[in-house]
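The sequence shown stops at residue 830 when you use this note's numbering, and every number in between is there. Below is one structure, written out as structure tokens, with a few remarks after it.
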Amino acid sequence: MTWTHQLAAHLGIESGILATCMVLLGNILLAPLYGHLKHPVACHIMSIAVTSLTYSILFGFAGFVQLTALALVCYAIMATVRCAYTSPILVGTWIMNKTAYIDATVPLMMLVMRQITLAWQIHDGTLPDHVSDRRYESIKERSRRAIVDMPSILEYLGFLYFFPAFLIGPAFSFVEYNNYLHRRGEFKTIPNPYVPAMECLSSTFIPLFIVIQGSPHFSPSRLLDSVLLQEKTFLQLCVFYIAWKLSETACIYTGFGFNGYNENGYATWDRVDNCDMVRIELAGNIRELVSVWNMQTAVWLKRDVYGRLTDLGFDKQTATTITFFISAFWHGVHIGYYITFMSGSIVTIIARHIRRHIRPIFANEHSLWHWLKPVYDVTGIVTTQLTTVYIVIPFLVRDIWQCFLIYRALYFFVHVGMVVLYVAFETKLGRAGLAHMGISVNDPIKFETTSESGPVTDPVKTVRQKNC
């Protein structure tokens with residue numbers, strides 16, 4: 363037994379988690395040196411060297427050689443068929459299929475994300491300035507990140523193996539990375555990153571304490587005890603918080619986390635911010651929770667999956683479902699991932715209807731039910747947290763039979779609610795029932811206000827009285 367296993371056993375946490383945290387702490391120590399390197403070539407070489415060392419320590423040098431070989435094949439694909447719209451899809455399919463046997467799930471996920479992003483940006487760089495095709499209607503937004511000149515192999519590997527973000531993220535674009543190395547745009551003058559880096563590091567103290575104190579008392583099998591379900595899920599969240607914040611600290615310490623100055627002239631360091639712990643725990647709806655959880659990955663999915671699908675003419679619901687499916691496939695091939703993300707897709711569709719058609723009843727100040735807005739908000743927080751805990755069970759347990767036993771013990775309450783609400787919002791019978799209650803699924807709820815001259819229609823939202 364190595365000293366890391368002994369220390370992990372003493373602390374009561376998994377040895378893999380401890381080793382990863384130690385590597386991330388090592389990245390923080392190396393970050394200032396990287397930030398002071400003047401030449402981009404030196405930065406590329408340092409990232410490749412540090413990543414090869416840390417990957418070899420955690421997963422073996424042979425795995426790093428395989429990873430690099432796959433990356434070079436993807437580089438060849440991007441360089442050869444960069445004009446084809448299917449080239450980013452080909453890159454993603456190749457790397458996901460060929461890495462199923464390598465035991466390094468999270469770094470591979472980061473690698474897949476960066477390569478797909480890079481492939482899309484290289485493809486966007488081949489497009490003409492004026493495109494009329496519907497699928498390119500968002501090209502103006504993407505032109506800022508488009509890559510016209512193919513990066514060199516050294517630049518490509520330096521981008522993929524950027525050591526502060528290699529193991530756990532966050533995601534970023536090649537254009538941002540290249541601007542940082544050449545000190546262009548917002549990176550021309552980078553303030554001293556020490557204080558914001560230490561502030562970010564200090565945010566890991568509370569979740570670290572929770573993990574150390576809580577890990578000895580929980581195991582996946584104890585999830586069958588429904589009383590411990592929410593505590594175990596929160597413990598798993600804390601592990602993510604620690605890893606993301608350690609990685610974010612290293613990125614900030616290199617100066618890469620700098621995001622310009624705000625309107626008050628203060629430096630902002632949220633370029634690589636990946637989670638907002640307080641907003642996650644107090645999210646009032648699924649949409650809000652998703653927007654502050656693994657934020658850079660959410661941006662990638664919205665920009666390079668959902669956005670591309672809607673440009674091709676897919677409706678929002680279909681694009682949402684496909685995006686969740688691709689997110690599950692990106693995590694791996696275990697069926698538990700697909701159960702979680704497909705459930706998340708349905709919950710997101712339902713939440714969109716609730717936000718559009720139910721929330722205005724309580725949120726609009728002209729509504730008769732506005733006084734119940736605090737109750738609605740608290741109910742939203744509790745419902746969001748319970749729903750999230752429920753749908754991530756297959757993701758955490760991964761044993762379908764155990765998932766079934768847990769869900770049966772919980773009376774499948776979220777699934778029942780999902781079916782009822784989905785039928786209400788998405789079927790003719792359900793819509794007819796809602797219409798009878800005065801809620802039109804086809805139009806947002808509207809409210810009428812009054813003035814001295816008589817009824818006045820509020821331009822934002824008004825109450826619909828027909829069918830009442």
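From the three backbone atoms N, C-alpha and C, an ideal C-beta is built for every residue, glycine too.
Please report the distance separating the alpha-carbon of residue i from that of residue j.
i, j, result
"P469", "F426", "11 Å"
"T537", "N621", "For the sequence presented, residue 537 should be read as Val rather than Thr. So the alpha carbons of these two residues sit roughly 14 Å apart."
"H406", "F676", "39 Å"
"T416", "F521", "16 Å"
"L671", "S705", "20 Å"
"Y700", "K550", "44 Å"
"H492", "V510", "For H492, the predicted structure reports a pLDDT of 46, less than 50, and the residue's modelled location is therefore unreliable. A value from the coordinates is still provided. Computed Cα separation, rounded: 15 Å."
"S653", "N647", "10 Å"
"A786", "M657", "31 Å"
"F774", "G547", "52 Å"
"T789", "V759", "33 Å"
"E376", "M560", "26 Å"
"E499", "D673", "With a pLDDT of only 49 at E499, under 50, the local geometry of the prediction cannot be trusted, and no value is derived from it."
"M780", "I708", "7 Å"
"C649", "N541", "Checking the sequence shown, residue 649 turns out to be Arg, not Cys. Their Cα atoms are separated by approximately 32 Å."
"S418", "S409", "14 Å"
"A481", "S535", "11 Å"
"F687", "A794", "31 Å"
"T611", "Q747", "27 Å"
"V443", "C436", "11 Å"
"C600", "V474", "25 Å"
"Y603", "N726", "35 Å"
"Q428", "I484", "24 Å"
"Y784", "S505", "38 Å"
"R496", "G669", "Its pLDDT being 46, under 50, R496 is placed unreliably by the model, and the measurement read from it follows with that caveat. Approximately 12 Å, taken between the alpha carbons."
"P722", "A645", "18 Å"
"R717", "L767", "32 Å"
"R665", "T659", "10 Å"
"L399", "I515", "20 Å"
"L772", "T745", "15 Å"
"L529", "M512", "25 Å"
"W655", "I379", "20 Å"
"L432", "Y518", "13 Å"
Out of the options, state which residue places its alpha-carbon closest to the alpha-carbon of residue i.
i, options, result
"Q598", "V573, V709, P756", "V573"
"G619", "P555, Q575, E643", "P555"
"D635", "G531, V443, L748, A404", "G531"
"L543", "I688, G397, Q368", "G397"
"C765", "T702, L570, Q368, C436", "T702"
"T413", "F525, K678, R718, Q368", "F525"
"A797", "I720, V740, F691, A660", "I720"
"A629", "L563, V557, F571", "V557"
"S609", "I439, Y623, T566", "T566"
Counting along the chain, where does the alpha helix (DSSP H) carrying residue i start and finish?
i, result
"Y556", "556 to 564"
"G388", "377 to 398"
"A690", "678 to 693"
"P699", "According to the sequence provided, residue 699 is Tyr. The question's Pro does not apply to it. Segment 697 to 715, the alpha helix (DSSP H) holding Y699."
"I642", "639 to 643"
"S414", "402 to 421"
"Y542", "536 to 543"
"R476", "467 to 486"
"Y628", "Here Y628 belongs to no alpha helix (DSSP H), and DSSP marks it neither H nor E."
"F551", "Note that residue 551 is Thr in the sequence shown, not Phe. Unbroken run through T551: none, as it is neither H nor E."
"G779", "775 to 788"
"A508", "From DSSP, A508 is part of no alpha helix (DSSP H); its letter is neither H nor E."
"V737", "735 to 753"
"R649", "648 to 654"
Does the Cβ of residue i have 16 or more other Cβ atoms within 10 Å, making it buried, or fewer, making it exposed?
i, result
"T750", "buried"
"P553", "exposed"
"G698", "buried"
"T467", "exposed"
"I478", "buried"
"N626", "exposed"
"P736", "exposed"
"K607", "buried"
"L842", "The structure shown does not extend to residue 842, since the chain spans only 363 to 830, so no value can be given for it."
"T685", "buried"
"P490", "exposed"
"F423", "exposed"
"F571", "exposed"
"V385", "buried"
Please confirm whether any heavy atom of the ligand NAD lies closer than 7 Å to the CB of residue i.
i, result
"V785", "Inclusion of the ligand NAD in the displayed structure is not the case, the ligand content being empty and no account of it being possible."
Checking contacts by CB at 8 Å: is residue i closer than that to chain C?
i, result
"E376", "Included in the structure is just one protein chain, with no chain C present."
*Quick one: any contact between the stretch 377 to 392 and the stretch 610 to 618, if contact means 3 or more CB pairs under 8 Å?*
Counting Cβ pairs under 8 Å, three or more are found: they touch.
*Are the stretch 726 to 746 and the stretch 755 to 765 in contact at 8 Å, needing three or more beta carbon pairs?*
Under the 8 Å Cβ criterion, the stretch 726 to 746 does not count as touching the stretch 755 to 765, having fewer than three qualifying pairs.
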